[in-house]
Amino acid sequence: MAIEYNLNDMQKRRRKKKLVRFAKKAAVVLIIALIGVLLYVFRSKWMPLFEGIGTKYENSVRNSGELAKENFPIKIRGTSDHEIGVTDNYLTYLDDTHFYMYSVDGELVAERQHSYSSPILKSGSKRSVIYDCGGKKFKVESKQKTVYEKELSGNVILAELSGNDSAAVVSEGDGFACIMNIYNPDGSERYTIKNVEGRIIDVDFYVGSSGCIAVNVGVEGGKLVSSLSKYDFSKTEPDWRSSSVDTFAVSAEIMQNGDIAVFGDTKFAYYSKEGELIGTYEYPYQLSDFSAGISNSAILLQREEFRKSTLVIINDVNNPITIELDKTAKGVYTSEKEVYVLTSDELISYSFDGVKIDSISVSDNYTGFVKINDYVFLNGYNEINRTEFAD
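For the sequence shown, our numbering begins at 332 and goes up steadily by one.
Right under this line is the structure:
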């Protein structure tokens, strides 16, 4: 039997189906819009649940410990011990015949030969100074050129650079314990001290290079002692001389508040900006390495017989924080935010409260490291590698 189709009825049914579909879509849109409004109104309650998720994921990837490729590793070219440092966000590297500068990507940007028999590298913020320990020459290097080179009448004991490229060079002198010369960035001589009280072992500049702190080592009562002298380069006499401590000081750092941290071979000393001794910390074990930040210090101590190390973080000299490491530690570095420790198999970061933040696995072939922004350059016997390690 044939079925007759009514065109009007068919059109009505189609319109009805379209209206139903439209109503369903409109309802879905309204529900989604309502959910969006509710999420926005109550965002203060649910958003904190997701805070830090992206950051944690980013750090877990960035601090994976994977070594860089392409221009790495940088092969060690010299035949003797080498040194690395950081100047103007470039990696500096000194061996027995050459001075090199590399970008963070491992590209060689400077290469210069030297003839020093016992070269020592000290890296400043924008320049590096190289001196011949026990010789009479030193020179200042930048990325572009050798800025200047000088030969002194006495053997060089040490050289340091300031933040604005001034240089302090301490040398031996006839009739004096030592002579300290301060040079302007262009190499012209600015200030001279002929010291008779003791040998100057280290120098640290004040911001702006208006003066410096000098570490003096001498003998009192048959014992080696160390003291500080503050010099203003506009005056002939020091502003003050501190009391001495019974240790052989190897370094002094002016902190952000003007106080001075002194690292000795047997103890740490902390002085006020007026030169008053605030306190000391005597090492229970042998000193291995040290580092000073803008307001904190870190010290590595070795227990060779147990192949273990101790990290000491000093925010307050009278209340040091000690962290026992069940492995040998090789180097320590203090940034503005954290303390980094290189061990036989890890690079570890700690907060200044002594809380472990992060770590990556490393080879036992590395003897030290330097940090440039989010990159760590691992110094080995035969090569220098790079990995990422963000604060």
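Think of the CB as a built atom: it goes at the ideal place given N, C-alpha and C, for glycine as much as any other residue.
For this session: Note down the Cα distance separating threonine 477 from alanine 583, rounded to an integer number of angstroms.
Result: Their Cα atoms are separated by approximately 28 angstroms.
Exercise. Which class does glutamate 551 belong to by DSSP, given the choice of helix, strand or coil?
Worked result: If DSSP states are grouped into helix, strand and coil, glutamate 551 belongs with the strands.
Exercise. Nearest to phenylalanine 599 by alpha carbon, out of Phe564, Lys474, Ile644?
Worked result: Comparing Cα-Cα distances from phenylalanine 599 to each of Phe564, Lys474, Ile644, the minimum goes to Ile644.
Exercise. The beta strand (DSSP E) spanning arginine 634 covers which residue range?
Worked result: Note, arginine 634: beta strand (DSSP E), 628-634.
For this session: For valine 548, count neighbouring Cβ atoms within 10 angstroms of its own Cβ and tell me buried if that reaches 16, exposed if not.
Result: Valine 548 should be labelled buried.
Exercise. By how many angstroms is the C-alpha of serine 557 removed from the C-alpha of glutamate 669?
Worked result: Distance between the alpha carbons of glutamate 669 and serine 557: 29 angstroms.
Problem set entry | Three-state secondary structure (DSSP) of phenylalanine 720 | Per DSSP, reduced to three states, the secondary structure at phenylalanine 720 is coil, with no helix or strand assignment.
Exercise. Which residues in the same chain have their Cβ closer than 6 angstroms to the Cβ of isoleucine 703, if we skip the five residues on either side of it in sequence?
Worked result: These residues qualify, in order along the chain: Val417, Asn420, Val435.
Exercise. Cα-Cα, which of Ile524, Phe683, Ser565, Glu719 is closest to serine 541?
Worked result: Ranking Ile524, Phe683, Ser565, Glu719 by Cα distance to serine 541 puts Ser565 first.
Exercise. Which value, in whole angstroms, describes the spacing of the CA atoms of phenylalanine 621 and glutamate 438?
Worked result: Cα atoms of phenylalanine 621 and glutamate 438: separation of roughly 30 angstroms, rounded to the nearest angstrom.
Exercise. For valine 534, which residues of its own chain have a beta-carbon under 6 angstroms away from its beta-carbon, when the five flanking residues on both sides are left out?
Worked result: Counting only residues of its own chain and dropping the five nearest sequence neighbours on each side, valine 534 has a CB closer than 6 angstroms to the CB of Glu491, Ala499, Cys543, Ala545.
For this session: Starting from asparagine 402, trace the beta strand (DSSP E) both ways and give me its first and last residue.
Result: For asparagine 402, no beta strand (DSSP E) segment is defined, and its DSSP state is neither H nor E.
Exercise. Isoleucine 691 to glutamate 397, Cα distance in whole Å?
Worked result: Approximately 9 angstroms between the Cα atoms of the pair.
Exercise. To the nearest angstrom, how far is it from the Cα of isoleucine 654 to the Cα of serine 682?
Worked result: Distance between isoleucine 654 and serine 682, taken at the CA atoms: about 12 angstroms.
Problem set entry | Buried/exposed call for lysine 453, threshold 16 Cβ in 10 Å | Burial call: buried.
Exercise. Is it buried or exposed for proline 615, if we count other Cβ within 10 angstroms and need 16 for buried?
Worked result: Residue burial annotation: proline 615 is exposed, with fewer than 16 other C-beta atoms found within 10 angstroms of its C-beta.
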